[in-house]
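Taking numbering that gives the first Met the number 0, the leading residue of the sequence shown gets 0, the next gets one more, and so forth. Built from N, CA and C at the ideal position, the CB exists for glycine as well. Computed from a prediction, not measured in an experiment: that's the story for all the values here.
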Amino acid sequence: MGASDQDFILHHYDTSPYSEKVRLAFGIKNISWYSVQIPNIMPRPDLMPLTGGYRKTPVLQIGADIYCDTQIILREIERRVPEPALLPASVAGAAPAMALWTDRSFFQASVALIFGTIGDAVPAEFKKDREQLSGAPFNTDAMKQAVPMMKDQWRAQAGWLDAQLSDGKPFLFGDAATLADLHGYMNIWFLRSALPDAAEAILSEYEYVSSWEGRLKSIGHGTRTELGSAEALTIGSNAAPSPPEIRDANDPNGRVPGDKVVVMADDYGKDPIAGTLVSSSDQHITILRQDKRAGEIAVHFPKTGFFIVPG
Ligand SMILES: N[C@@H](CCC(=O)N[C@@H](CS)C(=O)NCC(=O)O)C(=O)O
0 MGASDQDFIL HHYDTSPYSE KVRLAFGIKN ISWYSVQIPN IMPRPDLMPL TGGYRKTPVL
60 QIGADIYCDT QIILREIERR VPEPALLPAS VAGAAPAMAL WTDRSFFQAS VALIFGTIGD
120 AVPAEFKKDR EQLSGAPFNT DAMKQAVPMM KDQWRAQAGW LDAQLSDGKP FLFGDAATLA
180 DLHGYMNIWF LRSALPDAAE AILSEYEYVS SWEGRLKSIG HGTRTELGSA EALTIGSNAA
240 PSPPEIRDAN DPNGRVPGDK VVVMADDYGK DPIAGTLVSS SDQHITILRQ DKRAGEIAVH
300 FPKTGFFIVP G
């Protein structure tokens, strides 16, 4: 049986640390999902019709609903498969907020440490792609010089995870893994995969992190089946999105369903995605857009990390 418009389809690549959060969420919830492997650089011609131009990785597709950014991807997985809960009430605010630490300062320390170390071996096309992504030069020399500083920054942040685990509980907030563990794990997984020796040199100090890492790794990724990008696009174009119209009565900007808007990331990969607002809340915005290949698509974004302007 092939993939249907009810299945989780993750567009990702294996070395992507943000994607690892989602793969691990599938593992925790023991979900069967479809994997579309995308290149780690642009172009991605079968994916852009679905996202409307959003180019970061990963992207979650369910039929003609497209979820951009791991914040909203993980929230949607939790909504559709509530058990075991990634967001129990005890972490309902703290765990999502943690992403703004792990995905920004901790992640930037990982990136600088990794590319400062292996920068000379990075292919020119990758550097060019990441220059387009960030709008700044991919300056290997500057990154190399920053490595000692980044080791300090990275170690201090790994040390917070160790401190949080130091009373011996198996996961960051108790006996079960939550969204907080996914966020915390991402950078440990990233450094461990990209620079095993450097990771070991820092992490050997942190026994709680090391055993917690082993527990998370052993959970696995659920059941993964590969799918082609063209097939995923066909599933999207044959499906109809059905986001309920939700008006955010407290929107401080007075937006209402039907407004034309443009959504873009506020940090890097700021490509604008234009559409018609159909649903929003304090935490999310969903826009509808038409694409000549994908048909009508609903694209969902979180509020934090994105700017919304009139279209
Ligand atoms: N805030 C985004 C960040 C995603 C992100 O930066 N992903 C990296 C790869 S792990 C990326 O998009 N790199 C450029 C690319 O893949 O085009 C999220 O939570 O999903």
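Does the distance from the C-beta atom of residue i to that of residue j stay below 7 Å?
{"i": "I284", "j": "G274", "result": "no"}
{"i": "L132", "j": "L59", "result": "no"}
{"i": "T303", "j": "H182", "result": "no"}
{"i": "M142", "j": "G115", "result": "yes"}
{"i": "I245", "j": "L194", "result": "no"}
{"i": "A239", "j": "P48", "result": "no"}
{"i": "R54", "j": "G268", "result": "yes"}
{"i": "P301", "j": "Q70", "result": "yes"}
{"i": "F25", "j": "G221", "result": "yes"}
{"i": "L86", "j": "L178", "result": "yes"}
{"i": "P57", "j": "S18", "result": "yes"}
{"i": "S109", "j": "N186", "result": "yes"}
{"i": "V35", "j": "A231", "result": "yes"}
{"i": "L276", "j": "D258", "result": "yes"}
{"i": "D151", "j": "Y205", "result": "no"}
{"i": "L23", "j": "I37", "result": "no"}
{"i": "P256", "j": "R214", "result": "no"}
{"i": "Q163", "j": "F105", "result": "no"}
{"i": "V298", "j": "I65", "result": "yes"}
{"i": "A2", "j": "Y33", "result": "yes"}
{"i": "I234", "j": "D4", "result": "yes"}
{"i": "A202", "j": "S209", "result": "Looking at the sequence provided, one finds Leu at residue 202 rather than Ala. It is a contact, given that the beta carbons lie within the stated cut-off."}
{"i": "I27", "j": "I218", "result": "yes"}
{"i": "F189", "j": "P16", "result": "yes"}
Report buried or exposed for residue i, applying the criterion of at least 16 other Cβ atoms within 10 angstroms of its Cβ.
{"i": "D140", "result": "exposed"}
{"i": "I76", "result": "buried"}
{"i": "Q289", "result": "exposed"}
{"i": "D266", "result": "exposed"}
{"i": "F306", "result": "exposed"}
{"i": "A111", "result": "buried"}
{"i": "K291", "result": "exposed"}
{"i": "S279", "result": "buried"}
{"i": "G253", "result": "exposed"}
{"i": "F125", "result": "exposed"}
{"i": "D68", "result": "buried"}
{"i": "A96", "result": "exposed"}
{"i": "V260", "result": "buried"}
{"i": "D331", "result": "Absent from the model: residue 331. The displayed extent of the chain is 0 to 310, so no value can be given."}
{"i": "K127", "result": "exposed"}
{"i": "P83", "result": "exposed"}
{"i": "P81", "result": "exposed"}
{"i": "T14", "result": "exposed"}
{"i": "E225", "result": "exposed"}
{"i": "D119", "result": "exposed"}
Is residue i near ligand 1, going by C-beta to nearest heavy atom under 6 Å?
{"i": "R154", "result": "no"}
{"i": "S104", "result": "no"}
{"i": "A191", "result": "Per the sequence shown, residue 191 should be read as Arg rather than Ala. No, Cβ of R191 sits at least 6 Å from all heavy atoms of ligand 1."}
{"i": "T69", "result": "yes"}
{"i": "R312", "result": "Since the displayed the chain opens at 0 and closes at 310, residue 312 lies outside it and no answer follows."}
{"i": "Y17", "result": "yes"}
Please list the terminal residues of the continuous beta strand (DSSP E) segment that includes residue i.
{"i": "S279", "result": "272-279"}
{"i": "I245", "result": "It is not in any beta strand (DSSP E) - I245 carries neither H nor E in the DSSP assignment."}
{"i": "L9", "result": "8-11"}
{"i": "A297", "result": "294-301"}
{"i": "I234", "result": "I234 -> not in any beta strand (DSSP E); alpha helix (DSSP H) instead, spanning 228-237."}
{"i": "R223", "result": "222-225"}
{"i": "A264", "result": "259-264"}
{"i": "V308", "result": "305-309"}
Could you please give the first and the last residue of the uninterrupted alpha helix (DSSP H) stretch that includes residue i?
{"i": "L287", "result": "Note, L287: premise wrong, no alpha helix (DSSP H); beta strand (DSSP E) at 283-290."}
From the beta carbon of residue i, is the nearest beta carbon of chain B less than 7 Å away?
{"i": "L99", "result": "Absent here is chain B; the protein component of the structure consists of one chain."}
Start-end ranges of the beta strand (DSSP E) lying completely within the region 25-112, minimum 3 residues: 31-36, 58-61, 64-67
For the region 132-205, which segments carrying the beta strand (DSSP E) assignment without a break, of at least 3 residues, lie completely within its bounds, in sequence order? none
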